[in-house]
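Keeping their order, the protein sequence lines are chains A and B.
Mind the numbering: the first sequence is residues 6 to 268 in this note's numbering, read in order.
Mind the numbering: the second sequence is residues 6 to 268 in this note's numbering, read in order.
For glycine and all other residues, C-beta sits at the position ideal for the given N, C-alpha and C.
No experiment lies behind these values; they were computed from the predicted model shown.
See structure below.
There are 2 protein chains.
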Amino acid sequence: MRRYERIARDLRDAINRGDYRPGDTIPHEPELMERYGASRHAVRTAVAALTREGLVIPVRRRGTVVRDRAGRRRVRRGLLVRRDHRGYVMPAAAREGEPWQVHGRPRRDTVPIPARAAELLGLEEGATALRRRRVTSPEGEPPFQLVDTWIHPDAVADAPQVAERDTGPGGYLDRLEEAGHGPLSWAEYIRVRMPAPDEARLLGMPTSMPVMEIARVGTSARTNAPVEATICIIPGDRVELVTQLRRAPSARWRDRSAHHDGS
Amino acid sequence: MRRYERIARDLRDAINRGDYRPGDTIPHEPELMERYGASRHAVRTAVAALTREGLVIPVRRRGTVVRDRAGRRRVRRGLLVRRDHRGYVMPAAAREGEPWQVHGRPRRDTVPIPARAAELLGLEEGATALRRRRVTSPEGEPPFQLVDTWIHPDAVADAPQVAERDTGPGGYLDRLEEAGHGPLSWAEYIRVRMPAPDEARLLGMPTSMPVMEIARVGTSARTNAPVEATICIIPGDRVELVTQLRRAPSARWRDRSAHHDGS
DNA sequence: CAGTGGTCTAGACCACAAC
DNA sequence: TTGTGGTCTAGACCACTGA
Numbered sequence: 006m007r008r009y010e011r012i013a014r015d016l017r018d019a020i021n022r023g024d025y026r027p028g029d030t031i032p033h034e035p036e037l038m039e040r041y042g043a044s045r046h047a048v049r050t051a052v053a054a055l056t057r058e059g060l061v062i063p064v065r066r067r068g069t070v071v072r073d074r075a076g077r078r079r080v081r082r083g084l085l086v087r088r089d090h091r092g093y094v095m096p097a098a099a100r101e102g103e104p105w106q107v108h109g110r111p112r113r114d115t116v117p118i119p120a121r122a123a124e125l126l127g128l129e130e131g132a133t134a135l136r137r138r139r140v141t142s143p144e145g146e147p148p149f150q151l152v153d154t155w156i157h158p159d160a161v162a163d164a165p166q167v168a169e170r171d172t173g174p175g176g177y178l179d180r181l182e183e184a185g186h187g188p189l190s191w192a193e194y195i196r197v198r199m200p201a202p203d204e205a206r207l208l209g210m211p212t213s214m215p216v217m218e219i220a221r222v223g224t225s226a227r228t229n230a231p232v233e234a235t236i237c238i239i240p241g242d243r244v245e246l247v248t249q250l251r252r253a254p255s256a257r258w259r260d261r262s263a264h265h266d267g268s
Numbered sequence: 006m007r008r009y010e011r012i013a014r015d016l017r018d019a020i021n022r023g024d025y026r027p028g029d030t031i032p033h034e035p036e037l038m039e040r041y042g043a044s045r046h047a048v049r050t051a052v053a054a055l056t057r058e059g060l061v062i063p064v065r066r067r068g069t070v071v072r073d074r075a076g077r078r079r080v081r082r083g084l085l086v087r088r089d090h091r092g093y094v095m096p097a098a099a100r101e102g103e104p105w106q107v108h109g110r111p112r113r114d115t116v117p118i119p120a121r122a123a124e125l126l127g128l129e130e131g132a133t134a135l136r137r138r139r140v141t142s143p144e145g146e147p148p149f150q151l152v153d154t155w156i157h158p159d160a161v162a163d164a165p166q167v168a169e170r171d172t173g174p175g176g177y178l179d180r181l182e183e184a185g186h187g188p189l190s191w192a193e194y195i196r197v198r199m200p201a202p203d204e205a206r207l208l209g210m211p212t213s214m215p216v217m218e219i220a221r222v223g224t225s226a227r228t229n230a231p232v233e234a235t236i237c238i239i240p241g242d243r244v245e246l247v248t249q250l251r252r253a254p255s256a257r258w259r260d261r262s263a264h265h266d267g268s
């Protein structure tokens, strides 16, 4: 067993035993170096392993903190866009009636549009667009998802209220639909990738843990072009998509009583 | 710009320019150390960055090889289990009639069941079970998916032919259904994680790139318990799940002509 | 301002796997 | 046998940032 493996194992066991609880810090680097007679590199390699596993997260000035692992949420995937009583699209992970909270304060900025959002909206990379950004989770849990909503500049021109702080009853989607783009239709794109540093920071997750990216693009019924894109980033250890499958008509089932053996 | 960033940028540009083509090796470590006057650590950090991006993959003895990036496949997700003319479940990524190939030779082993498969089949971890393992891709492309099929030991007892090399017409699923478990019903579970070293090796991908894990569990109509689980691992840069969404009945659309503003 | 993160040097040894 | 991967030592300096 390698030295860093031994250090990592000891720390992992201690965390799993509860010697260190969520929010506690594990011993800092100089102490681990002394305790194991190891170089800083070896200690850092050990802690990096725990970080990749999502057990701990380094926090500047405080030390390496044991992460609150809230467990995996099963996200039931259907084919429906659900909207809550205010008209906002419900998080796919939300159970009916379940209270959700916002972490920090939601942002509303006009920023240079990154490659992925530009691709989804059919824009040039580097142009600026309106972004709404918020971090949410089920009530009482650590951050679950980072949600960015991008609105196409043309659509903002059609429905200026979508750029306001208060988008009015039913939210920005109703404004877009009223402005001649309704009824919107949506497609969903799911990818796997590593988080950008700012995404990881906002989600309280290590950059070495992958995320699931769920992008939903709303297309105008009038122009048949994308008008809004919502990109949802979820830490990989927090989510599992679940779907009940049906048997396709071609997926025959022959039971043993019906034994005519047709090719 | 950090030294390793500069090295990484130069190599990235050279690869994108086509100076190094898929299958070529980039200059090896001693040469890069000399060319940039950098330590091995700095050079390795630079190459590690390219590896994370999926541009290159280290191959023992050959060097660091430029990866054949076959691009992302859009996997249209529906709710149906499709089976081909032989009765086998079709890869979700397969287009109708598209030829697929197998990489290496399919394996059929009785091995200790890992945690994930045990969980899906409701077995104790460490017990042994029958695994069929194969790596497939669309014809002519590098490995796309690693598919492991696990069959519950009880189900093997019910339908011994599923453990044979030739599982007969319609494949193992027909054998299970004939043995009294039909019609099977399936659920699908999608997760995000980092690959195990052997998974990464079989898929020709770096261990620092995430994978999408798509698990399909078949449940017996008779016992109402899982009888088979198929776990499909796909490199994160090769796949995108796509779903067309429908509007839920509650997701009202009010057009501007119908302006009665009902709360 | 302490304790991380990140970068960097200049060495070392062993394992592994493909050519 | 060669060129990786991986591990390790023993240093160094700077940046960041939250208590």
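N-terminal and C-terminal residue of the beta strand (DSSP E) that residue i is part of
| i | result |
| --- | --- |
| A:Y177 | Counting along the chain, A:Y177 falls outside any beta strand (DSSP E), though it belongs to the alpha helix (DSSP H) covering G176 to L181. |
| B:E233 | P231 to P240 |
| A:M217 | V216 to T224 |
| A:A134 | T133 to P143 |
| A:V94 | Careful: A:V94 lies outside any beta strand (DSSP E) and carries neither H nor E. |
| B:E204 | No beta strand (DSSP E) holds B:E204; the alpha helix (DSSP H) holding it covers P202 to L208. |
| B:Y25 | Where B:Y25 is concerned, there is no enclosing beta strand (DSSP E), given that its DSSP letter is neither H nor E. |
Whether residue i touches residue j by CB criterion (9 Å)
| i | j | result |
| --- | --- | --- |
| B:W105 | B:A99 | yes |
| A:R78 | A:R196 | no |
| B:I236 | B:T115 | no |
| B:H186 | B:V140 | no |
| B:T133 | B:T69 | no |
| B:Y177 | B:V222 | no |
| B:P117 | B:G131 | yes |
| B:R170 | B:R113 | yes |
| B:E10 | B:A43 | no |
| A:E249 | B:S142 | The sequence as given places Gln at residue 249 of chain A; Glu does not occur at that position. No, the pair does not count as a contact, with Cβ atoms beyond the cut-off. |
Span separating the alpha-carbon of residue i from that of residue j
| i | j | result |
| --- | --- | --- |
| B:A234 | B:V247 | 23 Å |
| A:H265 | B:P188 | Note on A:H265: pLDDT 40, under 50, position unreliable in the model; the coordinate value appears next. Cα to Cα, the separation comes out at about 17 Å. |
| A:D260 | B:R136 | Here the model assigns A:D260 a pLDDT of 49, short of 50, so the residue's position is not dependable, and the following value carries that caveat. Spanning the two alpha carbons is a distance of roughly 25 Å. |
| B:G267 | A:P111 | Interpretation of B:G267 is limited by its pLDDT of 37, a score under 50 that renders its predicted location unreliable; the figure taken from the coordinates is listed afterwards. If I take the Cα positions, the gap works out to 28 Å. |
| B:M214 | A:G173 | 42 Å |
| A:I238 | A:M210 | 11 Å |
| B:R251 | A:A192 | 9 Å |
| A:A263 | B:V94 | Because the pLDDT at A:A263 is just 43, under 50, the model does not fix this residue reliably, and the point stays unresolved. |
| A:E245 | B:R82 | 15 Å |
| A:M199 | A:E124 | 18 Å |
| A:F149 | A:Q166 | 28 Å |
| B:T56 | B:A184 | 47 Å |
| A:V71 | A:M217 | 23 Å |
| A:A160 | A:R8 | 58 Å |
| B:D15 | B:H33 | 14 Å |
| B:G76 | B:V64 | 21 Å |
| B:R88 | B:R121 | 25 Å |
| A:L128 | B:R206 | 37 Å |
| B:S225 | B:E182 | 8 Å |
| B:P27 | A:P202 | 29 Å |
| A:R17 | A:L60 | 8 Å |
| B:L37 | B:A47 | 10 Å |
CB-CB length for residue i against residue j, believed under 8 Å
| i | j | result |
| --- | --- | --- |
| A:A164 | A:R138 | Actually they are not in contact, since the Cβ atoms of A:A164 and A:R138 sit about 20 Å apart, beyond 8 Å. |
| B:A54 | B:A13 | 5 Å |
| A:P240 | A:L208 | 6 Å |
| B:L151 | B:E101 | Not a contact, Cβ separation roughly 23 Å. |
Boundaries of the alpha helix (DSSP H) in which residue i is found, first to last residue
| i | result |
| --- | --- |
| B:L16 | R8 to R22 |
| A:A184 | Taken as a continuous stretch (DSSP letters only), A:A184 belongs to no alpha helix (DSSP H), as it is neither H nor E. |
| A:R121 | A120 to L126 |
| B:D163 | P158 to D163 |
One or two residues paired with residue i in a DSSP bridge
| i | result |
| --- | --- |
| B:Q106 | B:S142 |
| A:S44 | None, per the DSSP bridge assignment. |
| B:G68 | B:V64 |
| A:D153 | A:R138 and A:I236 |
Residue i Cβ short of 8 Å to the ligand FAD heavy atom set
| i | result |
| --- | --- |
| A:T172 | Only the bare structure without any ligand can be found here, which leaves the ligand FAD out of the picture. |
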